[in-house]
C-alpha cells in the first residue's frame, strides 16, 4: 500500500512484533536521529522525482474542484510547489505557495516546470513574475497578505498542531467568500509505518506522552482523526462536496488503545487517507476555534 505521497509500507510485521518493546525502542532511536541529524537531500530528491506522475494526478484531482478559484493558496507547499505550479501552468491561476518552513528547492521546482513543459526559473521572484506563483514562508497563513479565494493542501493537515488547526480553519472562513472551495488530501496513518516495520495504526496504542517521544518536529503528526477535522470545518460553515476514503486496517487490539482513541468507533478509526473538497456555504459567528 502506498501513502498519500507515494511512500510504501513494510507489511512483514509478525516477527518484528514478537519481541516486546522492540518496535518502540527502534522508533525512539530513529526519532532521536531525526532530531539531531541533517536531512539527506539526495533521497528526498529521488522520492519527488520518482513519484511525480502519481502526485501530478493527485494535484489535478484537487484542482478539478477549483474551477472558479482565481488565486489558490497552497497550504504546506513542500519542496516542489507542485499544486501551485500546476494551477498556474495548466490552469492559468495565480497561486500562493505557503509553508511554515523554507523547504522549497529551485532544482525541484524546475524539475516540476520541465515536467509540465514550462521553462525554468532562477529565483523565487522570477517564478512570481513569470508564472504568478508567490512563495511565502511564515508561521501562519494569517501572515499571507495577498488576496486569495481558494485553498488546497496535500499531506499537510495532519502535521498542523492540534491547538492551531481550529485557528487555521477559522482564518480560512474569515478570508474566503460564500462558495469558495477548500480541498485537502489528508494521510491519517502513523507515518512511522512508511519508514519502519510498524502497522499504519500503530500509534493508536500510544498515550500522548509515549507518542511525544517519537514525534519529532521533522515528521510531527497531530493524530487528529477525520471526524474531528470535518467537524471543525462544519462548525466554520463549510460543507463537504466531495470525499474519497482509503480504509485503514485496524490491527492494534482495542484494549491497548490510548485514551484519546478508546472512545472512538472502529468506523471512525478505520480511515487511512481522505481526499476532501469543502464549499463555504455560510459565514456566521460560530467557529471551532471558539468552542
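Residue numbers (our numbering): 590 to 880.
We put the CB at the ideal spot given by N, CA and C, even for glycine.
- With 16 or more other Cβ atoms inside 10 Å of its own Cβ, residue 814 counts as buried.
- Collapsing the DSSP output to three states places residue 807 in a helix.
- Within the stretch 736-806, the runs of beta strand (DSSP E) at least 3 residues long that lie entirely inside it are, in chain order, 739-743 and 770-776.
- Taken through DSSP and simplified to helix, strand or coil, residue 831 comes out as strand.
- With fewer than 16 other Cβ atoms from the protein chains shown falling within 10 Å of its own Cβ, residue 653 counts as exposed.
- Residues 664, 665 and 773 of the same chain have their beta carbon placed closer than 6 Å to that of residue 742, with the five preceding and five following residues left out of the count.
- A direct Cα-to-Cα measurement between residue 694 and residue 671 gives close to 12 Å.
- 7 Å or more divides the Cβ of residue 725 from the Cβ of residue 783.
- For residue 644, the enclosing alpha helix (DSSP H) covers residues 641-652.
- Only buried fits residue 673, as 16 or more other CB atoms lie within 10 angstroms of its CB.
- If you check the CB distance, residue 739 and residue 645 do not come in under 7 Å.
- Proximity to residue 816 across 619, 620 and 862 peaks at 862, based on C-alpha coordinates.
- A Cβ-Cβ separation of about 5 Å places residue 788 in contact with residue 840 under the 8 Å criterion.
- Fully enclosed alpha helix (DSSP H) runs of no fewer than 4 residues occupy 695-704 and 713-720 of the stretch 690-737, in order along the chain.
- Counting other Cβ atoms within 10 Å of its Cβ, residue 730 reaches 16 or more and is therefore classed as buried.
- Under DSSP, residue 836 forms a beta bridge with 860.
- With 16 or more other CB atoms across the displayed protein chains lying within 10 angstroms of its CB, residue 790 is buried.
- Assignment of residue 841 by DSSP, reduced to helix, strand and coil, places it in the coil class.
- Residue 683 sits in a strand when the DSSP states are folded into three classes.
- Membership of residue 666 in any beta strand (DSSP E) is not indicated, and neither H nor E is assigned to it by DSSP.
- For residue 763, the closest of 733, 866 and 751 by C-alpha to C-alpha distance is 733.
- For residue 728, same chain residues with a beta-carbon under 8 Å away, outside a window of 5 residues either side, are 689 in chain order.
- C-alpha of residue 714 to C-alpha of residue 853: approximately 47 Å in a straight line.
- Under the three-state reduction of DSSP output, residue 661 falls in the strand class.
- Secondary structure at residue 870: coil, using DSSP grouped into helix, strand and coil.
- The C-beta distance from residue 637 to residue 697 rounds to 5 Å, short enough to fall under 8 Å.
- By a beta-carbon distance limit of 8 Å, residue 811 contacts residue 749. Their separation comes to about 6 Å.
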